[in-house]
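In terms of numbering that gives the first Met the number 0, the first sequence opens at residue 0 and continues consecutively.
Where a beta carbon is used, it is the ideal one built from N, C-alpha and C, also for glycine.
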Amino acid sequence: MNKEQVDASSETVKTNFIHQEIDKDLAENKNGGAVLTRFPPEPNGYLHIGHAKSICLNFSLGQQFGGACNLRFDDTNPVKEDVEYVDSIKEDVQWLGFDWPGEAKFASDYFDQLYAWAVALIRNGKAYVDDQSAETIASQKGTPTTPGTESPFRNRSVEENIDLFERMKNGEFKAGEKVLRAKIDMTSPNMHMRDPLMYRIIHSDHHRTGDKWCVYPMYDFAHGQEDFIEGITHSICTLEFEVHRPLYDWFLTQIIEADASLKDRVRPRQIEFARLNLNYTVMSKRKLLELVEKNIVSGWDDPRMPTVSGLRRRGYTPESIRTFADKVGVARRDGVIDVALLESCIREDLNKKAARVNAVVDPIKLIITNYPEGQEEYVDIINNPEDESMGSRKLPFSREVYIERDDFMEDAPKKFFRLTVGKELRLKAAYAITCTGLKKDENGNIEELYATYDPETKSGATTVDRKIKGVIHWVSAAHAVDAEVRVYDRLYNHEAPAAQKDADHLDFINKDSLKTITAKVEPSLTEAKPLDQFQFQRVGYFCVDKDSTSDKLIFNRTVALKDGWAKKK
RNA sequence: UGUCCCAUGGUGUAAUUGGCAACACGUCUGUUUUUGGUACAGAAGAGUUUAGGUUCGAAACCUAAUGGGACAACCA
C-alpha cells in the first residue's frame with residue numbers, strides 16, 4: 000500500500016516526526032522491532048486537553064506499530080498525590096477510547112528496584128549523600144551561565160554513603176537533612192547534570208506504599224528506569240524535558256554498567272514534542288486549580304474548563320477529541336491552536352449523530368389567529384437529515400407557538416429571510432404563516448406576534464408548491480416544557496490570558512462565559528437522559544447536564560451552530 | 001553573558017528526504033437545502049525569518065545573524 004492509498008482510506012493515518020523516528024529505529028532493527036509507549040501522568044490533578052493530545056499520540060503510536068501503550072502513574076511524590084486522581088485519570092483515558100495492557104502501572108511498584116539501583120550507583124562511586132541544606136545546594140549549583148561548585152560531601156567513602164543512605168531509608172533523619180545525589184559534573188553547561196538529586200527524605204504516607212518508605216526518588220532518577228523496567232521503547236514527553244534527556248541516558252547507562260545482565264534489554268529512547276496550547280484558555284494545572292479554588296468555575300468538570308471531564312460535561316465526544324488531536328499534529332515548535340479547530344471537530348461529529356429537536360431559547364409568543372382555538376395536531380418531523388435511520392417523530396402543533404425572538408424583525412432588510420409583518424415564512428415541518436401584526440408593551444418591547452396560516456401548506460402535503468424562503472423552528476406553547484439552558488462561551492476574552500507580562504490571567508475572565516436562561520423545548524425532551532446530545536434546530540448542539548431530571552431539565556450548550564447571518568450583520 | 005531546541009499563508013501541520021509549496025481550520029463567492037446548519041463548487045491568502053554558501057537545482061544541506069522558546073524546585 001503506498002502512502003496515497005493510506006491517506007485516502009484512513010484519515011487517522013498521518014505522519015509526524017515521531018512516527019518517522021520510530022520508522023528509523025525499526026529499520027535499524029532496534030529493540031528487535033518492538034514498540035511500546037507509555038502515558039505517565041502524575042496523579043496530582045485532573046487531565047486536560049493537552050494530556051488528551053499526549054494520550055492520543057502515545058496510544059495510537061502503540062496501536063499503529065503493533066505494540067501497546069502502558070498507563071503508568073508517576074507517583075514519586077506522596078505529598079502531592081492521591082488515589083482520587085488515579086481514578087479520574089483512568090476514567091478519562093478509557094473514556095477517550097484507549098486501553099492499556101494489564102493493570103495500570105505505578106512508579107511505586109518499582110521503589111525496591113530503584114533503591115537497589117541507587118545503591119549500585121553508590122558502589123560504583125556515582126552517587127553520594129549530601130548533608131547540606133536545600134539552599135546551600137541550590138547556591139552551589141551556579142547559574143546557566145556560571146559553573147557550580149562541588150559539595151564538600153562529594154567524596155565520602157562508598158561505605159559511608161551506603162550506611163547513610165540506608166539510614167535515610169530507615170527514617171533516621173528528618174526531611175531535608177540529607178539527600179542522595181548523582182556524582183556527575185558541577186561545571187556542566189546543562190544544569191541538570193550538576194550532581195542532580197536522586198533521592199530526598201519524605202516522612203509522609205504514600206497512597207499505595209503507606210509508610211514503608213522514608214526516601215522517594217526524584218523524577219530524573221525514576222522516569223527513565225521505570226521505562227526501562229517496563230520495556231518501553233519510545234518515551235515520548237513534552238519539550239521542557241529535552242534538557243533532561245542527557246540525564247535520562249546517563250542514569251540508564253550507569254545502571255546497565257552496574258549490572259551486565261541488563262545489557263541486552265530494550266533500551267528506551269526519549270523523544271520530545273511541543274505541548275498543546277489553545278487560545279482563549281489556560282492549560283497549567285496551577286491556573287486551572289486557581290479557577291476552581293476561587294470559584295470562578297464550579298469545579299474541575301465545569302463545562303468551561305479545558306479538562307477532559309469538563310469537555311465531557313460540555314458535550315464533547317471522545318471521537319471529536321481524537322480527531323482534534325489528530326488534526327493538531329505533532330511537532331517540535333510550540334504554537335497556539337485556535338479553539339475554532341476544536342469546535343469544528345465537535346460540530347463535525349455531532350452533525351452526524353445528534354438528533355434535531357425544536358427548542359426556543361429566547362421565546363416570544365406567536366398567535367395564529369385563524370387556527371381554531373383548542374385545536375391541536377401532530378406533525379411529522381425528521382430526527383436527523385444526515386441519518387435517515389434515526390427516523391422521525393410527532394411534534395404537537397397548536398394555535399399558539401413560541402418562536403425565537405430574533406427570528407422576527409420589525410424593519411427587516413430585504414436580506415432578512417425570517418419573519419416580518421406581511422411576509423410569509425414556514426414553521427418547519429408545519430405550515431406557512433404570514434405575520435399580520437404585533438403587540439408591544441408601554442416600553443416598546445414586543446409582547447406578542449400575530450399571524451395567519453395557510454392550511455394548504457402543511458408539510459408533506461403536495462397541494463401547494465410555492466417557494467418559501469424562510470423556515471424557522473417553533474414549539475407549541477401549550478405543550479412546551481421549560482428547560483434551564485446554560486449557554487457557555489469562552490472562559491477568557493483574551494486569546495492568550497496566561498501570556499501577558501503585566502496582567503494576571505484572572506484579569507481576562509469573560510464575565511459572560513455562562514448565561515443561564517429558560518428555554519421552551521418540545522415535550523419529547525422530558526425523556527432525555529444525562530449526557531444525551533441534541534441539536535437544537537438552527538441554534539446549536541446541546542447536551543443534557545448530569546444534574547438534569549425529567550422535572551427540571553438542564554441543557555449545556557456544547558457549541559453554537561455556524562451562523563452565516565450573524566456574520567452578514 | 002553559557003548550553004540546547006525551534007522558525008513554512010491568519011492558525012496548525014505537510015512536502016515521498018535536494019526537483020519550482022500541499023492539507024485542515026478560518027475567511028470570502030456561488031449552488032442545493034423545509035436548519036442562514038450540512039453538502040457541493042470555487043476564490044483569496046505564503047514563495048518558506050534574513051544574509052551568505054554548496055548545487056544544474058534548496059523550504060530542505062552548511063555558516064552566520066535575527067526572532068521565539070527551554071534550562072538555576074529536596075515538582076513532574
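Same chain, Cβ closer than 8 Å to residue i, five either side skipped, listed in chain order
| i | result |
| --- | --- |
| residue 61 | 34, 35, 36, 67 and 68 |
| residue 515 | 483, 484, 485 and 486 |
| residue 436 | 420, 448 and 449 |
| residue 526 | 549 |
| residue 326 | 340 and 344 |
| residue 282 | 47, 48, 49, 274, 275, 276, 305 and 497 |
| residue 25 | 32, 34 and 64 |
| residue 152 | 127, 128, 129, 130 and 131 |
| residue 245 | 189, 191 and 192 |
| residue 262 | 255 |
Among the options, nearest to residue i - alpha-carbon criterion
| i | options | result |
| --- | --- | --- |
| residue 127 | 288, 178 and 522 | 178 |
| residue 360 | 403, 135 and 211 | 403 |
| residue 88 | 477, 44, 74 and 114 | 44 |
| residue 480 | 550, 232 and 277 | 550 |
| residue 143 | 182, 151, 192 and 424 | 192 |
| residue 302 | 374, 31 and 513 | 513 |
| residue 163 | 52, 132, 121 and 187 | 121 |
| residue 190 | 59, 139, 230 and 236 | 139 |
| residue 391 | 455, 415 and 523 | 523 |
| residue 459 | 422, 415 and 377 | 377 |
| residue 176 | 158, 141, 147 and 213 | 213 |
| residue 570 | 51, 21 and 30 | Because the chain in this structure spans residues 0 to 568, residue 570 falls outside the shown range and cannot be described. |
| residue 104 | 225, 202, 187 and 133 | 225 |
| residue 517 | 443, 563, 23 and 553 | 553 |
| residue 210 | 170, 232 and 136 | 170 |
Contact check, residue i vs residue j, beta carbons under 8 Å
| i | j | result |
| --- | --- | --- |
| residue 272 | residue 17 | yes |
| residue 487 | residue 508 | no |
| residue 205 | residue 77 | yes |
| residue 357 | residue 543 | no |
| residue 364 | residue 379 | no |
| residue 401 | residue 362 | yes |
| residue 591 | residue 149 | For residue 591 there is no data in the structure shown, the boundaries of the chain being 0 and 568. |
| residue 354 | residue 383 | yes |
| residue 367 | residue 424 | no |
| residue 264 | residue 240 | no |
| residue 195 | residue 234 | no |
| residue 300 | residue 285 | no |
| residue 39 | residue 71 | yes |
| residue 238 | residue 331 | yes |
| residue 249 | residue 183 | yes |
| residue 113 | residue 329 | no |
Same chain, Cβ closer than 7 Å to residue i, neighbours up to 5 away in sequence not counted
| i | result |
| --- | --- |
| residue 406 | 417, 418 and 471 |
| residue 351 | 385 and 386 |
| residue 28 | none |
| residue 172 | 166 and 200 |
| residue 96 | 317 and 321 |
| residue 342 | 558 |
| residue 53 | 38 |
Span of the alpha helix (DSSP H) around residue i
| i | result |
| --- | --- |
| residue 567 | 563-567 |
| residue 317 | 317-327 |
| residue 21 | 16-26 |
| residue 313 | 307-313 |
| residue 396 | Run containing residue 396: none in the alpha helix (DSSP H); it sits in the beta strand (DSSP E), 391-397. |
| residue 625 | The requested residue 625 does not occur in the structure, where the chain is confined to residues 0 to 568. |
Own chain partners of residue i with C-beta closer than 6 Å, once the 5 adjacent residues on each side are dropped
| i | result |
| --- | --- |
| residue 556 | 486, 487, 539 and 541 |
| residue 2 | Model confidence at residue 2 stands at a pLDDT of 33, short of 50, so the residue's coordinates are unreliable; what they give is reported in the following sentence. The answer is none, since no qualifying residue turns up. |
| residue 116 | 254 |
| residue 208 | 107 |
| residue 14 | none |
| residue 519 | 359, 362, 401, 474 and 479 |
| residue 75 | 106, 215, 216 and 221 |
| residue 477 | 397 |
Closer than 7 Å: residue i CB and nearest the ligand FMN heavy atom
| i | result |
| --- | --- |
| residue 277 | What this structure holds is no ligand at all, so the ligand FMN is not there to describe. |
Bounding residues of the beta strand (DSSP E) (the contiguous stretch that carries residue i)
| i | result |
| --- | --- |
| residue 367 | 362-367 |
| residue 487 | 480-487 |
| residue 554 | 552-559 |
Exercise for the section: Could you tell me which uninterrupted beta strand (DSSP E) segments, each at least 3 residues in length, are contained entirely in the region 496-532, listed from first to last along the chain? Expected result: Within the region 496-532, the complete beta strand (DSSP E) segments of 3 residues or longer fall at 513-520, listed in chain order.
Handout entry: Length at least 4, wholly inside the region 242-273: the alpha helix (DSSP H) runs in chain order
Key = Within the region 242-273, the complete alpha helix (DSSP H) segments of 4 residues or longer fall at 244-257, listed in chain order.
Problem - Minimum length 4: unbroken alpha helix (DSSP H) runs contained in the region 19-74 - result: Within the region 19-74, the alpha helix (DSSP H) runs of at least 4 residues that lie entirely inside it are, in chain order, 48-63.
Handout entry: Sequence ranges, alpha helix (DSSP H) only - wholly within the region 116-187, length at least 4
Key = For the region 116-187, whole alpha helix (DSSP H) runs of length 4 or above, ordered along the chain, are 133-139 and 157-168.
Handout entry: Runs of beta strand (DSSP E) lying entirely within the region 401-432, each at least 3 residues, in chain order
Key = Qualifying beta strand (DSSP E) stretches, in chain order: 423-426.
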